[in-house]
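Following: one structure in structure tokens, then a few remarks.
Protein chains in written order, with the working numbering: chain D, 1 to 115; chain Y, 1 to 280.
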């Protein structure tokens, strides 16, 4: 079986963010993470492209992403003091959107740093 | 370990000093281990600040820290003799007695060491791109975390606007959680409030927080199947090279769409956002 090789892959499991990892992957999972530590190997090898989770949940019931986005926007808009929190295991591009959203809402903005 | 022009023997040219309240597994990797008495970090750091400037310190003060004066004198000599010193600190320092005053003491020590040699201090980060969050918030608002926009402009006050405090006091009435699982890590009173208010979670998995949330949206895991940028602990931005494709949307896309849905509604400020009429 031919595996796709990705050189200089970046691991975002911990704060070290190693960027010298070689990944060997097929269409559904990563089979080898050369140069990764124990934590990094577990991080890369335990993800698959299978849909194990529902697209979205509202009150624990399955829903479409579009519905969930609308409910989320309504809840955040109606709140007096919304809080935008987390932003650790995500990209800088998503973080930028989070800041813009907190600004728009006139709410609170905080990350793991304060924990 | 890396060999370099200035450190040709690699690890042998480096000295690692570990300071902890107990002997951990890291002791084996360290050259010197100093066991500080729990809750005496601030005292130890203040004594070191005095010693590098040859100021007088009493034996009783040193005894209180649990570290011997000989060990401290040796450490000060090594710090001053170093070409480039780096201090790494974690939550054991910043979350125990003294809290941010401990971090402040350590940063002051690092600053004052620069009178003798190059010295830096860096917080040890746990999760993937938490440094990126600091950098992005600093870039966009001027502050790194604990920010409030409720006057229409950013204000910074950890303790007032930081999440655990806000949740424990019950100040917030809706929480948007992205790339975090506070339901698994935060103190119980904070988790209780998360369950009390409508919570929205964006995560690649159904997490503890998702189970007590009103809305959960599954997103593609960053770095595995979502592209983007992540900051390393020393604030170097690195591109992510996802190996897999995901049928889930990215965090960026979902957050942007929620933002756009909010943008379509009338502004929350009755008089509209505060803007300068003319650029001065």
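Cβ coordinates follow ideal geometry from the N, Cα and C atoms, glycine included.
- Residue pairing by DSSP places residue 62/D opposite 57/D in a beta bridge.
- For residue 38/D, no CB of chain Y lies under 8 angstroms from its own CB, so it is not counted at the interface with that chain.
- At a cut-off of 8 angstroms between beta carbons, residue 62/D makes no contact with chain Y.
- Using a CB distance below 7 angstroms, the part of the segment 78-94 of chain D facing chain Y consists of 79, 80, 81, 82, 83, 84, 85, 86, 87, 88, 89, 90, 91, 92, 93 and 94, ordered along the chain.
- Across the structure, residue 16/D and residue 41/D are spaced so that their CA atoms are roughly 14 angstroms apart.
- The segment 141-155 of chain Y and the segment 168-188 of chain Y do not touch, with fewer than three beta-carbon pairs separated by less than 8 angstroms.
- For residue 120/Y, the uninterrupted beta strand (DSSP E) segment begins and ends at 118-123.
- In its chain, beyond the 5 residues on either side, 21, 23, 40, 41, 44 and 45 have a beta carbon closer than 7 angstroms to the beta carbon of residue 33/D.
- Here residue 208/Y carries a helix assignment [DSSP, helix/strand/coil].
- Distance from the CA atom of residue 9/D to the CA atom of residue 97/D, rounded to whole angstroms, is 24 angstroms.
- In the DSSP assignment, residue 20/Y falls outside any alpha helix (DSSP H) and within the unbroken beta strand (DSSP E) covering 17-20.
- Straight across, the Cα-Cα distance linking residue 17/Y with residue 85/Y is about 11 angstroms.
- Collapsing the DSSP output to three states places residue 80/Y in a helix.
- In the DSSP assignment, residue 199/Y falls within the beta strand (DSSP E) that extends over 199-203.
- A Cβ-Cβ distance of about 5 angstroms is found for the pair residue 111/D and residue 145/Y, placing them in contact under the 8 angstroms criterion.
- Rounded to whole angstroms, the Cβ separation of residue 161/Y and residue 102/D is 11 angstroms, and the two are not in contact under 8 angstroms.
- Annotation note: the segment 25-94 of chain Y contains the following uninterrupted alpha helix (DSSP H) runs of length 4 or greater, listed N- to C-terminal: 41-52, 59-65, 69-81 and 91-94.
- Around residue 263/Y, the beta-carbon contacts reaching into chain D at under 8 angstroms are 104.
- Between residue 70/D and chain Y, the shortest Cβ-Cβ separation is below 8 angstroms.
- Counting along the chain, residue 92/D sits inside no beta strand (DSSP E); it lies in the alpha helix (DSSP H) bounded by residues 92-105.
- Shown here, residue 34/D sits in a strand according to DSSP, grouped into three states.
- Of the residues assessed, residue 24/Y falls on the exposed side of the cut-off, its CB having fewer than 16 other CB atoms within 10 angstroms.
- Our two residues, residue 6/D and residue 99/D, have alpha carbons roughly 32 angstroms apart in a direct line.
- Interface residue (Cβ-Cβ distance to chain D less than 8 angstroms): residue 137/Y is classified as such.
- Against chain D, the CB of residue 214/Y has a partner CB under 8 angstroms away; the residue lies at that interface.
- Using a Cβ-Cβ cut-off of 7 angstroms, residue 241/Y is close to 6, 8, 9 and 10 of chain D, given in chain order.
- A direct Cα-to-Cα measurement between residue 41/Y and residue 113/Y gives close to 18 angstroms.
- For residue 238/Y, the nearest CB of chain D lies under 8 angstroms from its own CB, placing it at the interface with that chain.
- Chain-order list of chain Y residues neighbouring residue 56/D: 215, 216, 217 and 218, by C-beta distance under 8 angstroms.
- Cβ-Cβ distances below 7 angstroms link residue 142/Y to 154 in the same chain, with the five nearest sequence neighbours on each side left out; the list follows chain order.
- For the pair residue 205/Y and residue 98/Y, the Cα-to-Cα distance works out to about 36 angstroms.
- Of all residues in the segment 136-159 of chain Y, only 136, 137, 140, 141, 144, 145, 146, 147, 148, 149, 150, 152 and 158 come within less than 7 angstroms of chain D when Cβ atoms are compared, listed by chain position.
- Closer than 8 angstroms to the CB of residue 2/D there is not a single CB belonging to chain Y.
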